[in-house]
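I have placed the structure first, in the form of structure tokens, so that the comments after it can refer back to it.
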Amino acid sequence: MNPQAKLIFITSLLLGTTITLSSNHWITAWTGLEINTLAILPLISKSHHPRAIEAATKYFLVQATASTLVLFASMTNAWATGQWDITQLTHPASCMILTSALAMKLGLVPFHFWFPEVLQGSPLITGLLLSTAMKFPPITLLFMTSPSLNPILLTTMAILSAALGGWMGLNQTQTRKIMAFSSISHLGWMAMILVYDPKLTLLNFYLYTLITAAVFLTLNTIKALNLSTLMTTWTKTPSLSATLLLTLLSLAGLPPLTGFLPKWMIIQELTKQDLTPTATIMALLSLLSLFFYLRLAYCATITLPPHTTNHMKLWHTHKPTNASVALLVTMSTLLLPISPMIRTIV
1 MNPQAKLIFI
11 TSLLLGTTIT
21 LSSNHWITAW
31 TGLEINTLAI
41 LPLISKSHHP
51 RAIEAATKYF
61 LVQATASTLV
71 LFASMTNAWA
81 TGQWDITQLT
91 HPASCMILTS
101 ALAMKLGLVP
111 FHFWFPEVLQ
121 GSPLITGLLL
131 STAMKFPPIT
141 LLFMTSPSLN
151 PILLTTMAIL
161 SAALGGWMGL
171 NQTQTRKIMA
181 FSSISHLGWM
191 AMILVYDPKL
201 TLLNFYLYTL
211 ITAAVFLTLN
221 TIKALNLSTL
231 MTTWTKTPSL
241 SATLLLTLLS
251 LAGLPPLTGF
261 LPKWMIIQEL
271 TKQDLTPTAT
281 IMALLSLLSL
291 FFYLRLAYCA
301 TITLPPHTTN
311 HMKLWHTHKP
321 TNASVALLVT
331 MSTLLLPISP
341 MIRTIV
């Protein structure tokens with residue numbers, strides 16, 4: 001892709017996100033979401049492969065539908081209350097429509113169907129943007145409207161997302177699809193706590209973004225798109241494979257790694273709200289995700305040659321590891337001891 005074109009698309013992504021984050025009016029928030037959608041489409045379809053074109057088409061159709069529902073929810077609310085302010089969303093029907101629209105934008109169950117297919121058709125770096133940056137504006141809108149949202153609807157979506165994200169990721173062999181189902185599962189945890197402690201949702205999203213960025217950039221460095229490629233990486237980049245193991249375990253939420261922090265705080269908050277059965281269900285469902293993270297980690301570090309994979313061995317090149325990968329991996333694994341400080345900041 002032309003560097004100037006890429007610069008325009010990245011700038012548009014930043015502009016769209018900034019407009020949505022800084023807006024008080026529903027129309028400006030909607031405008032920012034539309035700019036984001038249009039800016040990411042060329043990055044998804046830049047390889048001109050039929051799968052990439054299919055992914056871009058699916059993404060456009062789903063996001064256009066979700067944006068229409070956001071506009072419809074805001075208009076219904078304005079019609080009933082006379083308010084266009086984002087924080088003044090009080091009409092019950094508008095709240096339900098908006099929750100569904102933003103769930104569709106995020107990929108929460110039952111609107112998750114598009115996300116794994118779109119991620120599978122995108123390059124790894126675009127997949128990273130779809131999993132993190134593109135989810136930030138909808139999460140922010142949910143954060144701003146959280147006092148008005150329906151807790152039962154969000155809790156149902158959250159439990160279903162954690163269950164399906166873990167369950168459907170079990171038999172996947174493509175790393176991008178595994179990361180897509182991982183994202184759906186994590187979104188379930190964010191949606192679960194949104195009504196009770198919205199700041200905790202944002203903390204969870206920040207840490208999820210940090211750890212997911214480390215995993216995606218590591219996979220991009222070793223060019224691993226499926227498990228059979230991942231099996232040959234230890235002989236080429238043993239240190240990077242070892243850090244990938246730790247980052248995946250952090251994404252799974254195992255102590256004493258960074259990923260344990262949001263799960264620990266969410267379970268603690270749910271218990272304070274007398275929702276111990278819900279907290280127990282979420283904790284048990286996270287074991288499903290743990291299985292496929294362990295399988296990825298096993299393929300990356302423990303499966304050593306000789307083995308029988310129908311895979312052409314890639315040329316062994318000694319490329320230096322990017323400094324950003326090293327920094328992200330360090331933060332993805334070692335932030336738990338300073339969790340009290342993180343909690344006071346957020």
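If you read the sequence shown in the UniProt record's numbering, its first letter stands for residue 1, the second for the next number, and so on.
All C-beta atoms in this analysis are idealised placements derived from N, C-alpha and C, irrespective of residue type, glycine included.
The structure displayed is predicted, hence computed values, not measured ones.
Residue i and residue j closer than 8 angstroms at C-beta
i	j	result
LEU43	LEU129	yes
LEU288	GLY107	no
HIS25	TRP84	yes
THR31	ILE40	no
THR201	ILE139	yes
LEU248	ALA283	no
LEU334	PRO262	no
LEU285	ALA252	no
SER122	ALA55	yes
PRO116	LYS177	yes
TYR196	GLN273	yes
THR218	LEU244	yes
GLY169	PHE72	no
LEU230	ALA180	no
ILE86	THR145	yes
SER74	GLU34	no
VAL346	LYS199	yes
ILE8	ILE159	no
For residue i, three-class secondary structure by DSSP
i	result
GLN172	coil
ASN24	coil
ASN150	coil
ASN226	strand
THR330	helix
HIS186	helix
ILE302	coil
THR132	coil
LEU284	helix
LEU207	helix
ASN220	helix
ASN2	coil
VAL195	coil
VAL215	helix
PRO138	helix
ASN322	coil
PRO42	helix
Endpoints, the alpha helix (DSSP H) within which residue i is located
i	result
ILE345	339-345
GLN63	50-81
TRP84	Careful: TRP84 lies outside any alpha helix (DSSP H) and carries neither H nor E.
GLN268	260-272
MET231	Taken as a continuous stretch (DSSP letters only), MET231 belongs to no alpha helix (DSSP H), as it is neither H nor E.
THR99	92-106
VAL118	114-120
SER250	238-252
Same chain, Cβ closer than 7 angstroms to residue i, five either side skipped, listed in chain order
i	result
ALA213	LEU128, THR132 and LEU328
ALA93	THR76
ILE53	SER45
ALA103	PHE111 and MET157
THR209	THR132
LEU164	VAL109, HIS112 and ILE184
THR65	MET104
Close-in-space but distant-in-sequence residues of the same chain around residue i (CB under 8 angstroms, 5 per side omitted)
i	result
THR17	GLY32, ASN36, ALA133, PHE136 and PRO137
PHE216	LEU124, ILE125, GLY127, LEU128, SER131 and MET179
ASN322	LEU217 and THR221
Close beta carbons around residue i, own chain, < 6 angstroms, minus the five adjacent residues each side
i	result
SER250	ILE211, LEU257, THR258, GLY259, SER332 and THR333
THR126	LEU43 and ILE44
VAL70	TRP30 and ALA101
LEU227	THR173 and CYS299
LEU270	THR278 and ALA279
SER23	ALA29
Any chain D beta carbon closer than 8 angstroms to residue i
i	result
ALA224	In the structure shown, chain D cannot be found, because there is only a single protein chain.
Proximity test, residue i beta-carbon vs the ligand GDP heavy atom, cut-off 7 angstroms
i	result
THR99	Because no ligand of any kind appears in the structure shown, any question about the ligand GDP cannot be addressed here.
**Prompt:** Does the segment 252-269 come within contact of the segment 130-143, defined as at least 3 CB pairs closer than 8 angstroms?
**Reply:** Touching, no, given that fewer than three Cβ pairs across the two stretches are closer than 8 angstroms.
Quick one: any contact between the segment 44-64 and the segment 73-82, if contact means 3 or more CB pairs under 8 angstroms? Touching, no.
Open item on the list: Quick check: the segment 94-103 against the segment 145-161, are at least 3 beta-carbon pairs closer than 8 angstroms?
Closed with: Under the three-pair Cβ rule at 8 angstroms, the segment 145-161 counts as touching the segment 94-103.
| query | Looking at C-beta atoms only, is the number of pairs between the segment 264-280 and the segment 186-198 that lie closer than 8 angstroms three or more? | reply | Yes, they touch.
Meets three-Cβ-pair contact criterion under 8 angstroms: the segment 221-228 and the segment 181-189: Contact between the segment 221-228 and the segment 181-189 is absent, with fewer than three C-beta pairs closer than 8 angstroms.
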